[in-house]
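First the structure, in the form of structure tokens, and then the observations on it.
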Amino acid sequence: MNLLQVFHHHEVGSSAGRLLERHAARAIVLHGREILLLYTKRYDDYSLPGGGVDAGESMVDALHRELQEETGAAQVSVIRPLGYIDEYRPPRKEGYDVMFMRSHFFLCKADRVLGNTQPEHYEIANGMTPIWIDINQAIAHNEQVLSQQPGTMGLSIERETWMLRYIVHELLGDPGAPFSS
8 MNLLQVFHHH EVGSSAGRLL ERHAARAIVL HGREILLLYT KRYDDYSLPG
58 GGVDAGESMV DALHRELQEE TGAAQVSVIR PLGYIDEYRP PRKEGYDVMF
108 MRSHFFLCKA DRVLGNTQPE HYEIANGMTP IWIDINQAIA HNEQVLSQQP
158 GTMGLSIERE TWMLRYIVHE LLGDPGAPFS S
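The structure is reproduced here in structure tokens:
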């Protein structure tokens, strides 16, 4: 897998020090120009389904588990890996200087009809719901949210919006789409 992009949170001056490392598997499921995303009411944004890889779990197993839990997607198959994005964030645990997050992205196929979800408590509290949406509509929405948020906003929406633009440019073949690597 190739490195696609690196993000540094403004509060993290250096990627050196004691790292808290986390890996995530994220799915890109397309039907034409519609994409399967999660809408999060708390943050008013769209993101790709996926999440953390548990200890001893393979990346593909984590991807399948997260897709089922978050979207209820069935008949999921991985077409190919696309690459990964690295992020350096403030740590969430004592004893660390930096949280290093690597998100691995996979192009997948899945049934368009979604089944029952099995969200975690924080996903319920945040109002996360799966949705099929036109990718350009999701990008425009996230860009609007980004333009109105303070500098204290986290990196997730930046990562997700960057990746949505990458998908339009690289996978959907729209070279006129605004994108910078």
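Using my numbering, the letters of the sequence shown map in sequence onto residues 8 to 188.
Beta carbons: idealized from backbone N, C-alpha and C, even for Gly.
Review point. What number of angstroms, rounded off, separates the C-alpha of Phe-107 from the C-alpha of His-176?
Key: By 1-based counting over the sequence shown, the position of residue 107 is 100. By 1-based counting over the sequence shown, the position of residue 176 is 169. Each residue's Cα considered, the two are about 27 Å apart.
Check your understanding: Just checking, does the segment 75-89 make contact with the segment 46-55 on the three C-beta pairs under 8 Å criterion?
Key -> no
Check your understanding: What did DSSP end up calling His-16 once you bin it into helix, strand or coil?
Key -> Numbered from its first residue, the sequence shown carries residue 16 at position 9. Coil.
Check your understanding: Three-state secondary structure (DSSP) at Val-175?
Key -> Residue numbering aside, residue 175 sits at position 168 when the sequence shown is read from its first letter. Val-175: helix per DSSP, three-state reduction.
Review point. In chain order, what residues of the same chain lie with their CB nearer than 8 Å to the CB of Val-120, ignoring the 5 residues before and after it?
Key: As a first step, residue 120 must be located in the sequence shown, where it is residue number 113. So the list reads Ala-81, once near-sequence residues are dropped.
Check your understanding: Of all the beta strand (DSSP E) runs that stay within the bounds of the segment 44-117, which reach a length of 3 or more residues?
Key -> 52-54, 57-59, 84-96, 105-116
**Study point:** Coil, strand or helix - Thr-168 by DSSP
**Key:** One-based indexing of the sequence shown puts residue 168 at position 161. Thr-168 falls in the helix class under three-state DSSP.
Point to revise | Backbone CA spacing between Ile-92 and Asp-51 [nearest angstrom] | key: Here residue 92 is taken as the residue at index 85 of the sequence shown, counted from 1. Here residue 51 is taken as the residue at index 44 of the sequence shown, counted from 1. Ile-92 and Asp-51: Cα-Cα distance of roughly 22 Å.
Practice item. Have a look at the DSSP bridge pairing and note the partners of Val-36. Key: As a first step, residue 36 is located in the sequence shown; it is residue number 29 there, counting from the start. For Val-36, which the question treats as bridged, DSSP gives the partners Cys-115.
Exercise for review: Could you tell me the distance, in whole angstroms, from the CA atom of Ile-131 to the CA atom of Asp-181?
Suggested key: Indexing the sequence shown from 1 puts residue 131 at position 124. Indexing the sequence shown from 1 puts residue 181 at position 174. Rounded to the nearest angstrom, the two C-alpha atoms are 35 Å apart.
**Study point:** Glu-150: first and last residue of the uninterrupted alpha helix (DSSP H) it sits in
**Key:** Here residue 150 corresponds to residue number 143 of the sequence shown, with the count starting at 1. It spans 142-155 - the alpha helix (DSSP H) in which Glu-150 sits, taken as one unbroken run.
Exercise for review: Report the option in Pro-126, Ser-22, Asn-133, Gln-156 whose CA atom is closest to the CA atom of Glu-73.
Suggested key: Walking along the sequence shown from the start, residue 73 turns up at place 66. Answer by Cα proximity: Pro-126.
Point to revise | Short Cβ contact (9 Å threshold) for Leu-114 with Ile-35 | key: Taking the sequence shown and counting its residues from 1, the one referred to as residue 114 is at position 107. Taking the sequence shown and counting its residues from 1, the one referred to as residue 35 is at position 28. Taking 9 Å as the Cβ cut-off, Leu-114 and Ile-35 qualify as a contacting pair.
Check your understanding: Taking the alpha-carbon positions, what's the Ala-117 to Gly-57 distance?
Key -> Looking up residue 117 in the sequence shown gives position 110. Looking up residue 57 in the sequence shown gives position 50. Each residue's CA atom was taken as its position, placing Ala-117 and Gly-57 some 14 Å apart.
Check your understanding: Can you find at least 3 beta carbon pairs, one from the segment 60-69 and one from the segment 93-106, that sit closer than 8 Å?
Key -> The segment 60-69 makes no contact with the segment 93-106; the number of CB pairs closer than 8 Å stays below 3.
Practice item. Work out the CA separation of Gly-102 and Leu-37 for me, nearest whole Å. Key: As a working mapping, residue 37 is identified with position 30 in the sequence shown. As a working mapping, residue 102 is identified with position 95 in the sequence shown. Spanning the two alpha carbons is a distance of roughly 40 Å.
Check your understanding: What number of angstroms, rounded off, separates the C-alpha of Trp-169 from the C-alpha of Phe-112?
Key -> Here residue 169 is taken as the residue at index 162 of the sequence shown, counted from 1. Here residue 112 is taken as the residue at index 105 of the sequence shown, counted from 1. Between Trp-169 and Phe-112, the C-alpha separation is close to 12 Å.
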